[in-house]
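Just so you know, we're using full-length UniProt numbering here: the sequence shown kicks off at 1 and counts up by one.
We treat Cβ as the ideally placed atom computed from N, Cα and C, and that holds for glycine.
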Amino acid sequence: MDTTTSTDGTGASGSQPAKKNTRGPCRQLKTAKVTRVTNSRISIGYDERHRAAPTAELHSSLAHDIGHVVRTHCPMQWKSWRVMPDEIKAEVRGQLSTNYNLEDLDEESLTYVNRLFAERYKQWKSDLHHHFQAYDDPQVALQEGCPKELEGREDSWEWLCAHFQAPEFANKAQVNKGNRKKKTLLHHSGSRPFSYRMDARRREGSKFPEIDVFGDVYVRPGNELAESLHTTMVERSQLVLQESASQLPPETPIESVAPPQDAGFQILTETLDQTLGRRPGTYCRGMGNARRREPRPRSSARSSSQVTALTAEVATLRSQMSEMATLRSQMS
């Protein structure tokens with residue numbers, strides 16, 4: 001979540017939300033200061049490895065500023081950012097143009113910006129749904145509950161109140177709530193991609209950045225599963241280091257021993273697969289979007305290759321049988 005607003009908290013009676021004593025909303029002030037100092041707008045780049053901006057700082061600033069734009073300027077009258085009309089999207093994105101250079105964005109950068117808008121739209125809509133649920137009576141929520149961020153845009157609040165009561169949305173919200181309860185691992189990394197965290201760990205000298213980041217974002221007091229998984233990973237990483245050290249002169253300090261490439265990734269994925277089962281597709285538990293698995297060969301592809309091999313084998317046998325028949329006829 002980008003900010004904490006007046007939509008948080010619930011009063012004792014449950015009829016109206018009580019405001020918490022929290023920090024104020026982001027208003028792009030930090031970014032505006034940067035543009036004043038540099039006298040130029042910030043360029044939005046894209047790094048394929050991170051699937052985001054080239055630096056964690058730029059990603060964080062952009063994500064926060066997009067959150068501010070969504071909360072203060074975006075009409076909330078669509079189920080998602082994806083189904084919003086393109087002309088409305090362009091108008092909302094334009095609110096960033098004061099501090100960011102949006103001209104001539106390549107396809108990857110535009111897709112990245114739209115992904116951030118989609119995530120922030122979804123989060124803001126979720127915040128507003130929680131605010132709506134703080135009222136016992138939907139009619140009271142409609143008449144008295146319009147958040148201050150939507151003042152002057154009451155039509156969005158009216159649409160949301162009707163949308164939140166629609167059977168399709170209510171059923172989906174209930175299913176999602178149940179699915180969240182079933183989650184075995186919950187990360188605490190916020191919106192920062194895991195790849196930035198692994199880069200930071202590498203700069204600190206980590207030999208197994210994947211395992212260290214898992215400990216950073218998943219392990220919390222009381223989470224016995226995450227603690228047990230992390231302990232297993234650390235133990236396995238030490239065995240790998242010892243094996244690597246055994247191939248070096250005895251006087252080599254352990255700090256100078258380098259593990260095999262991808263050892264941390266292999267240990268993490270194998271540990272999680274053995275305990276939780278492998279997820280279908282290329283997604284890796286514990287890695288966010290930082291890395292994907294190599295796709296498994298499709299059964300159809302295997303079948304095709306097997307058929308090709310068998311066909312070649314049959315052709316060879318037929319040729320051999322034909323040669324043997326020819327020899328027999330010559331001998332007779």
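Three-state class that DSSP yields for Y283 in the structure shown: Three-state result, Y283: strand.
Span separating the alpha-carbon of T184 from that of T275: Put simply, the backbone Cα of T184 is about 11 Å away from that of T275.
Sequence-distant residues of its chain with Cβ nearer than 6 Å to R120 (five each side left out): Here the set comprises I66, G67 and V70.
Cut-off 8 Å between Cβ atoms - residues of its own chain near A53, not counting five sequence neighbours on either side: Non-local beta-carbon contacts of A53 in its own chain, meaning distances under 8 Å to residues more than five positions away in sequence, involve I44, G45, Y46, D47, H59, L62 and Y112 in chain order.
Cβ neighbour criterion (16 or more within 10 Å) applied to residue 333: The shown model of the chain, from 1 to 332, leaves out residue 333, and the question about it has no answer.
Rounded separation between R115 and G190 - CA only: Using only the alpha carbons, I get a separation of about 16 Å.
T316 classed as buried or exposed, judged by whether at least 16 other C-beta atoms fall within 10 angstroms: Only exposed fits T316, as fewer than 16 other CB atoms lie within 10 angstroms of its CB.
Range covered by the alpha helix (DSSP H) that runs through T231: Looking at the DSSP string, the run of the alpha helix (DSSP H) that includes T231 is E224 to A245.
Reference L150; option with closest CA among C74, Q174 and R180: Ranked by Cα distance from L150, the options C74, Q174 and R180 are led by C74.
Closest by C-alpha distance to A263, when choosing among P249, D273 and Q238: Measuring from the Cα of A263, the nearest candidate turns out to be Q238.
Helix, strand or coil at Y100 [DSSP, three-state]: In the structure shown, Y100 adopts extended strand secondary structure according to DSSP, grouped into three states.
Given 8 Å, three or more beta-carbon pairs between the region 170–177 and the region 198–206: The region 170–177 is not in contact with the region 198–206.
Nearest-angstrom Cα separation, counted from Y196 out to A56: Taken atom to atom, the span from the alpha-carbon of A56 to that of Y196 is near 6 Å.
Nearest neighbour of F194, chosen from S40, M287, S126 and L241 [CA to CA]: Put simply, of S40, M287, S126 and L241 the residue whose alpha carbon is nearest the alpha carbon of F194 is M287.
CA-to-CA distance, T232 to P249, given in whole angstroms: Approximately 28 Å, taken between the alpha carbons.
Heavy atom of the ligand NAP within 7 Å of P85 beta-carbon: The ligand NAP is absent from the structure shown, which contains no ligands of any kind.
Span of the alpha helix (DSSP H) around F214: Unbroken alpha helix (DSSP H) run through F214: P209 to Y218.
Proximity below 8 Å, CB of I211 to CB of V234: Cβ distance < 8 Å, so I211 and V234 count as in contact.
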